[in-house]
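J.: This is the structure I have questions about; it appears just below.
Chains as they are written, first to last, in my numbering: chain A, 1 to 374; chain B, 1001 to 1103.
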């Protein structure tokens, strides 16, 4: 290769550090809809596919274009389309193509049940950076126990087959929950077979973004115990190595991995540093999970630039006076192994700065499990 | 035909982005500059050549313009630019404007 053109591995690309220093919004996520054709028992967001009120409130293609134009001007490069089920949007193809033609590296999260031959053609010609499909089970019984939607397993298989027949690349991931825990090994085999030994799973089930006691109770019932979570994590080589790396990075707290100015600072994570999220109704968020009303910004009444330049620094400057949060969470050496953050704390208890016992137990169980194998 | 008489245009199947002074070539369609976990990066001279690929300029014009800027040996610059264009062409990032050649 001539010295003029260099092919660089993504993590080595020198642009990332510069964008972080200059706070360029390099990466965005948009939830195209909260509606979904499945009704997964553990889902933090889904509304019925035919929810007319939700549909009418959703951002229009025109509004999305305006946001995207502004984001691209500001330096955005990565764009994730998620939901709900984004393929439910009748204008999905228009939105997807618009993002591609703006020079964005576009990823799509989907359940694959609505994949059609036309969409396969679209993805084949205009490849997404990543097409990520969630696997809820590998038998009809388990899959539909999770999705609570008759016929969804068949639709999922049909979608996957259509993509495979046309060699459209995709990755698979799984959620680990009570309803499919007995099948997780088979799900792992299925994913490894189809996507050349790539298996990723998530055992952390978020509570509903919009408070819903009944649904939250169902989600809590689906959560695996800390011991179960650690057992499945440590039985997976990639996951185990990832956790070991995270544990080593604990030592860097205050240097690189997290960004404390002092232990009163609430947002130690990367939310709003080089990334942001937009919900279906045009609300800007520092990350997709951060739904506290004080932490969202209505793009229909403002602009992305204002949200990024004025609103984000205000949120990131938030401090806590909660002693327990300061001592047990923000100063905790296991914070990298914990799913606690202001966003998840708010979902659990309605406050951004509360210690959450369940999360704490998982972090300690993880640390213990990792210590035992070292 | 002298390779320096060739005219190249950027592929219509890519989108060129500039972020913080960095040129990023984003493939629009499959088969163009296909990368999995990589991105292309152009160095300073590469950026200057890339900026001059416009479907009108002949390669020798690009060489002459850059020779003025960089004050380097013409032969060396010519070889490097031809090598660079060959790479871009192999990756389908540029296409030769065949109708415009001088024979």
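Glycine included, C-beta positions come from ideal geometry on N, C-alpha and C.
Keep in mind it's a predicted model, so treat the numbers as computed, not measured.
Spell out whether any CB of chain B is found under 8 Å from the CB atom of residue 125 of chain A.
T.: Translated into the one-based positions of the first chain, residue 125 of chain A becomes position 125. Yes, its Cβ sits closer than 8 Å to a Cβ of chain B.
J.: Any idea if residue 1080 of chain B is buried or exposed, counting beta-carbon neighbours within 10 angstroms, 16 or more meaning buried?
T.: On the second chain, position 80 is the one that residue 1080 of chain B refers to. Buried, by the Cβ-count rule.
J.: Which residues in the same chain as residue 184 of chain A place their Cβ atom closer than 8 Å to its Cβ, once the five residues preceding and following it in sequence are excluded?
T.: Residue numbering aside, residue 184 of chain A sits at position 184 when the first chain is read from its first letter. Answer for residue 184 of chain A: 174, 176, 201, 232, listed in chain order.
J.: Would you verify that the beta carbon of residue 1017 of chain B is, or is not, closer than 8 Å to some beta carbon of chain A?
T.: For the purposes of this step, residue 1017 of chain B is taken as residue 17 along the second chain, with counting starting at 1. Yes, its Cβ sits closer than 8 Å to a Cβ of chain A.
J.: In chain A, which residues lie with their C-beta within 7 Å of the C-beta of residue 1042 of chain B?
T.: Taking the first residue of the second chain as position 1, residue 1042 of chain B is located at position 42. Chain A residues near residue 1042 of chain B: 4, 5.
J.: Does the Cβ of residue 214 of chain A have 16 or more other Cβ atoms within 10 Å, making it buried, or fewer, making it exposed?
T.: Translated into the one-based positions of the first chain, residue 214 of chain A becomes position 214. When all chains shown are included, residue 214 of chain A counts as exposed.
J.: Given this structure, state the Cα-to-Cα distance separating residue 152 of chain A from residue 144 of chain A, to the nearest angstrom.
T.: The sequence position of residue 152 of chain A within the first chain is 152, counting from 1. The sequence position of residue 144 of chain A within the first chain is 144, counting from 1. If I take the Cα positions, the gap works out to 7 Å.
J.: When you compare the CB of residue 1054 of chain B with every CB in chain A, is at least one pair closer than 8 Å?
T.: Taking the first residue of the second chain as position 1, residue 1054 of chain B is located at position 54. No, residue 1054 of chain B does not count as interfacial toward chain A.
J.: If you drop the 5 nearest sequence neighbours on each side, which residues of the same chain put their C-beta closer than 7 Å to that of residue 1065 of chain B?
T.: Residue 1065 of chain B sits at position 65 when you count from the first residue of the second chain. For residue 1065 of chain B, where only same-chain residues beyond five positions count, the Cβ hits under 7 Å are 1052.
J.: Listing by chain order, which chain A residues have their CB less than 7 Å from the CB of residue 1023 of chain B?
T.: On the second chain, position 23 is the one that residue 1023 of chain B refers to. What residue 1023 of chain B touches in chain A: nothing, since even the nearest Cβ is about 10 Å away.
J.: Given 8 Å as the limit, is there contact between the segment 24-34 of chain A and the segment 272-282 of chain A, that is, 3 or more CB pairs closer than that?
T.: Touching, yes.
J.: Output the residue ranges of the beta strand (DSSP E) runs that lie fully inside the segment 26-108 of chain A and measure 3 residues or longer, sorted by chain position.
T.: DSSP runs (the beta strand (DSSP E)) wholly in the segment 26-108 of chain A: 27-31, 78-82.
J.: Indicate whether the contact test is met: 3 or more Cβ pairs, each with one atom in the segment 1040-1050 of chain B and one in the segment 1013-1028 of chain B, closer than 8 Å.
T.: A contact exists between the segment 1040-1050 of chain B and the segment 1013-1028 of chain B.
J.: Who are the Cβ neighbours of residue 375 of chain A in its own chain at under 8 Å, not counting the five residues just before and after it?
T.: No information on residue 375 of chain A is available, as it lies outside the stretch 1 to 374 that chain A covers here.
J.: Below 7 Å between beta carbons is the criterion; list the residues of the segment 273-299 of chain A that meet it against any residue of chain B, in chain order.
T.: Within the segment 273-299 of chain A, no residue qualifies.
J.: Hey, would you say residue 79 of chain A sits closer than 8 Å to residue 120 of chain A, going by beta carbons?
T.: Here residue 79 of chain A refers to the residue found at position 79 when the first chain is read from its first residue. Here residue 120 of chain A refers to the residue found at position 120 when the first chain is read from its first residue. No; because the gap between Cβ atoms is not below 8 Å, this pair is not in contact.
J.: Around the Cβ of residue 338 of chain A, are there at least 16 other Cβ atoms within 10 angstroms (buried) or fewer (exposed)?
T.: As a first step, residue 338 of chain A must be located in the first chain, where it is residue number 338. Result: buried.
J.: Short of 8 Å in beta carbon distance, which residues of its chain neighbour residue 1086 of chain B, apart from the five on each side in sequence? Order them along the chain.
T.: Taking the first residue of the second chain as position 1, residue 1086 of chain B is located at position 86. Excluding positions up to five away in sequence, the list is empty.
J.: Taking its Cβ as the centre, do 16 or more other Cβ atoms sit within 10 Å of residue 204 of chain A, making it buried, or is it exposed?
T.: Mapped onto the first chain, residue 204 of chain A falls at position 204. Its Cβ having fewer than 16 others within 10 Å, residue 204 of chain A is exposed.
J.: Quick check on DSSP: helix, strand or coil for residue 374 of chain A?
T.: Taking the first chain and counting its residues from 1, the one referred to as residue 374 of chain A is at position 374. Three-state result, residue 374 of chain A: coil.
J.: Rounded to the nearest angstrom, what separates residue 1060 of chain B and residue 1031 of chain B at their Cα positions?
T.: Numbered from 1 along the second chain, position 60 holds the residue referred to as residue 1060 of chain B. Numbered from 1 along the second chain, position 31 holds the residue referred to as residue 1031 of chain B. Their backbone Cα atoms lie some 29 Å apart in a straight line.
J.: Between which two residues does the beta strand (DSSP E) harbouring residue 132 of chain A extend?
T.: The sequence position of residue 132 of chain A within the first chain is 132, counting from 1. First-last of the beta strand (DSSP E) with residue 132 of chain A: 130-135.
J.: Looking at the ligand NAD, does it come within less than 7 Å of residue 159 of chain A, judged from the CB to the closest heavy atom?
T.: What this structure holds is no ligand at all, so the ligand NAD is not there to describe.
J.: If you draw a straight line from the alpha carbon of residue 241 of chain A to that of residue 138 of chain A, how long is it in whole angstroms?
T.: By 1-based counting over the first chain, the position of residue 241 of chain A is 241. By 1-based counting over the first chain, the position of residue 138 of chain A is 138. Computed Cα separation, rounded: 26 Å.
J.: For residue 1013 of chain B and residue 122 of chain A, I'd like the C-alpha separation in whole angstroms.
T.: In the second chain, counting from the first residue as 1, residue 1013 of chain B sits at position 13. In the first chain, counting from the first residue as 1, residue 122 of chain A sits at position 122. If you take the alpha carbons of residue 1013 of chain B and residue 122 of chain A, they lie about 14 Å apart.
J.: How close, in whole Å, do the beta carbons of residue 345 of chain A and residue 356 of chain A come, if the pair is a contact with beta carbons under 8 Å?
T.: Reading the first chain from its first residue, position 345 is the one you call residue 345 of chain A. Reading the first chain from its first residue, position 356 is the one you call residue 356 of chain A. Contact holds; Cβ gap of about 6 Å.
J.: From residue 264 of chain A to residue 323 of chain A, what distance separates their C-alpha atoms?
T.: By one-based count along the first chain, residue 264 of chain A stands at place 264. By one-based count along the first chain, residue 323 of chain A stands at place 323. The straight-line gap from Cα to Cα measures roughly 9 Å.
J.: Let me confirm a value: residue 57 of chain A is counted as buried when at least 16 other C-beta atoms fall within 10 Å, else exposed. Which label applies?
T.: The sequence position of residue 57 of chain A within the first chain is 57, counting from 1. It counts as exposed.
J.: Need the endpoints of the beta strand (DSSP E) that residue 17 of chain A sits in, please.
T.: Residue numbering aside, residue 17 of chain A sits at position 17 when the first chain is read from its first letter. Here residue 17 of chain A belongs to no beta strand (DSSP E); instead the alpha helix (DSSP H) covers 15-22.
J.: Would the beta-carbon of residue 45 of chain A fall within 8 Å of that of residue 34 of chain A?
T.: Within the first chain, the letter at position 45 stands for residue 45 of chain A. Within the first chain, the letter at position 34 stands for residue 34 of chain A. Cβ distance < 8 Å, so residue 45 of chain A and residue 34 of chain A count as in contact.
J.: Could you tell me whether any Cβ in chain A is nearer than 8 Å to the Cβ of residue 1030 of chain B?
T.: Along the second chain, read from residue 1 onward, the residue named residue 1030 of chain B stands at position 30. Closer than 8 Å: yes.
J.: Helix, strand or coil for residue 143 of chain A per DSSP?
T.: In the first chain, counting from the first residue as 1, residue 143 of chain A sits at position 143. Helix at residue 143 of chain A.
J.: By the criterion of Cβ-Cβ separation under 9 Å, what are the contact partners of residue 1077 of chain B in chain A?
T.: If you number the second chain from 1, residue 1077 of chain B lands on position 77. What residue 1077 of chain B touches in chain A: nothing, since even the nearest Cβ is about 11 Å away.
J.: Give me the Cα-Cα distance between residue 304 of chain A and residue 1098 of chain B, rounded to the nearest whole angstrom.
T.: Reading the first chain from its first residue, position 304 is the one you call residue 304 of chain A. Reading the second chain from its first residue, position 98 is the one you call residue 1098 of chain B. Looking at the two C-alpha atoms, the distance is approximately 44 Å.
J.: Looking only at its own chain, which residues have a Cβ that is under 6 Å from the Cβ of residue 300 of chain A, when we skip the five neighbours before and after it?
T.: To locate residue 300 of chain A, count along the first chain from 1; it is residue 300. So the qualifying residues of the chain are 282.
J.: To the nearest angstrom, report how far apart residue 186 of chain A and residue 140 of chain A are at their CA atoms.
T.: Residue 186 of chain A sits at position 186 when you count from the first residue of the first chain. Residue 140 of chain A sits at position 140 when you count from the first residue of the first chain. Taking the straight line from one Cα to the other gives about 13 Å.
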